[in-house]
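Student: Just so we're aligned, residue 1 is where the sequence shown starts under UniProt numbering, counting upward by one.
Just so it is clear, CB atoms sit at the ideal spot from N, CA and C, and this is done for glycine as well.
Sharing a structure here in structure tokens format.
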Amino acid sequence: MNPQAKLIFTISLLMGTTITISSNHWVMAWAGLEINTLAILPLISKSHHPRAIEAATKYFLTQAAASALVLFSSMTNAWYTGQWDITQLTHPTSCLVLTTAIAMKLGLVPFHFWFPEVLQGSPLTTGLLLSTIMKLPPIALLYMTSNTLNPTLLTSMAILSAALGGWMGLNQTQIRKILAFSSISHLGWMTIIIVYNPKLTLLNFYLYALMTTAVFLTLNSINALKLSTLMTTWTKTPALSAMLFLTLLSLAGLPPLTGFLPKWLIIQELTKQNMALAAVALSILSLLGLFFYLRLAYCATITLPPHTTNHMKLWHTSKPTSSSISILTTVSATLLPISPLISTMI
Numbered sequence: 001m002n003p004q005a006k007l008i009f010t011i012s013l014l015m016g017t018t019i020t021i022s023s024n025h026w027v028m029a030w031a032g033l034e035i036n037t038l039a040i041l042p043l044i045s046k047s048h049h050p051r052a053i054e055a056a057t058k059y060f061l062t063q064a065a066a067s068a069l070v071l072f073s074s075m076t077n078a079w080y081t082g083q084w085d086i087t088q089l090t091h092p093t094s095c096l097v098l099t100t101a102i103a104m105k106l107g108l109v110p111f112h113f114w115f116p117e118v119l120q121g122s123p124l125t126t127g128l129l130l131s132t133i134m135k136l137p138p139i140a141l142l143y144m145t146s147n148t149l150n151p152t153l154l155t156s157m158a159i160l161s162a163a164l165g166g167w168m169g170l171n172q173t174q175i176r177k178i179l180a181f182s183s184i185s186h187l188g189w190m191t192i193i194i195v196y197n198p199k200l201t202l203l204n205f206y207l208y209a210l211m212t213t214a215v216f217l218t219l220n221s222i223n224a225l226k227l228s229t230l231m232t233t234w235t236k237t238p239a240l241s242a243m244l245f246l247t248l249l250s251l252a253g254l255p256p257l258t259g260f261l262p263k264w265l266i267i268q269e270l271t272k273q274n275m276a277l278a279a280v281a282l283s284i285l286s287l288l289g290l291f292f293y294l295r296l297a298y299c300a301t302i303t304l305p306p307h308t309t310n311h312m313k314l315w316h317t318s319k320p321t322s323s324s325i326s327i328l329t330t331v332s333a334t335l336l337p338i339s340p341l342i343s344t345m346i
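What follows is the structure, encoded as structure tokens:
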């Protein structure tokens, strides 16, 4: 892709995100979402592969339907209450329609079907944008309207997302699909707590984005797209594979790594809200996610490729690891000790 075109699309992406998260009026938020969608489409389909074109088409249709629902929800609310302010969404029908629209935007169950397919058809760098920065505007809208949304509906969708995200990731061999189901599972954790402690949702999202960025950049650096190619990386970049191992376990939420922090705080908050059953359900369902993260980690570090056939194989690469990967992987593994400081900030 032309560097100037890529620059324009990236700036549009940042501008659309900024417009949505900083707006008070529904039409401005909707405009930001539309700019975002139109800016990411060329980045998804830039390889001109049929799979990429299919992914871009699926993404466009889903996001267009979700944007129409956002507009319909805000117009219904304005019709009944005379309010266009995002925080003044009070009409029950509008709240229900908006929950559906944001679930479609984020890829929450039962509107999750598009996300693994789109991520599988996109390059790793675009997949990173889809998993992190494209989730920020819908989560910001959810944050601003959280006090008026239906907690029962959100809890049901969250538990289903955690269940399906873990369950459907079990038998995948494509790394991008595994990361897509991982994202759906993490969104379940963010959604369940949004009504009770919205700042905790934002903390979970920031830490998830940090760890996912580290994983995507590492995979992009070693050029691994499926489990079979991941098995040969230890011989090429042992240090990077070891850090990938720690980052994946952090995404799984194992102590004493960074990913344990949001899960711990969310379970604590749920028990305070007399939702011990939901906390137990989420904890058990996170074991499904742990299984496929361990599978990825096992392939990346413990499995050695077979030596029975004569073939040319890359040995240690001379390419240095970028400093951004080093910083992100280190932070992904070491933030838990400062959790008292983080919990005072939320």
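(1) Considering only the alpha carbon of each residue, which of ALA66, ALA103, TRP167 lies closest to PHE292?
(2) DSSP state of LYS177, grouped into three classes?
(3) Should GLY289 go down as buried or exposed, given a rule of 16 or more other Cβ atoms within 10 Å for buried?
(4) Once you ignore the five residues that flank LEU69 on each side, which residues in its own chain have a CB closer than 8 angstroms to its CB?
(5) I need the straight-line Cα distance from ALA209 to ASN24, nearest angstrom please.
(6) What's the C-alpha gap between SER326 and SER250?
(7) With the cut-off set at 8 angstroms, would you say THR125 and ASN223 are in Cβ contact?
(8) Using the beta-carbon count (16 or more within 10 Å), is VAL280 buried or exposed?
(9) Measure the Cβ-Cβ separation of LEU108 and SER67 and say whether it is below 8 angstroms.
(10) Count the other CB atoms, across all protein chains shown, that sit within 10 Å of the CB of LEU277; report buried if there are 16 or more and exposed otherwise.
(11) Can you find at least 3 beta carbon pairs, one from the stretch 42 to 49 and one from the stretch 169 to 177, that sit closer than 8 angstroms?
(12) Would the beta-carbon of PHE115 fall within 8 angstroms of that of ILE35?
(13) Taking C-alpha atoms, which residue in MET1, ALA163, PRO138 lies nearest to LEU287?
(14) Straight-line CA distance for GLN268 to LEU244?
(15) Here's the rule: buried if 16 or more other CB atoms are within 10 angstroms of the residue's CB, otherwise exposed. What is MET157?
(16) If you follow the alpha helix (DSSP H) that TRP84 is part of, which residue opens it and which one closes it?
Tutor: In short:
(1) TRP167
(2) helix
(3) buried
(4) VAL97, LEU98, THR100, ALA101, MET104
(5) 25 angstroms
(6) 15 angstroms
(7) no
(8) exposed
(9) no
(10) exposed
(11) no
(12) no
(13) ALA163
(14) 28 angstroms
(15) buried
(16) Neither: TRP84 is in no alpha helix (DSSP H) and is coded neither H nor E.
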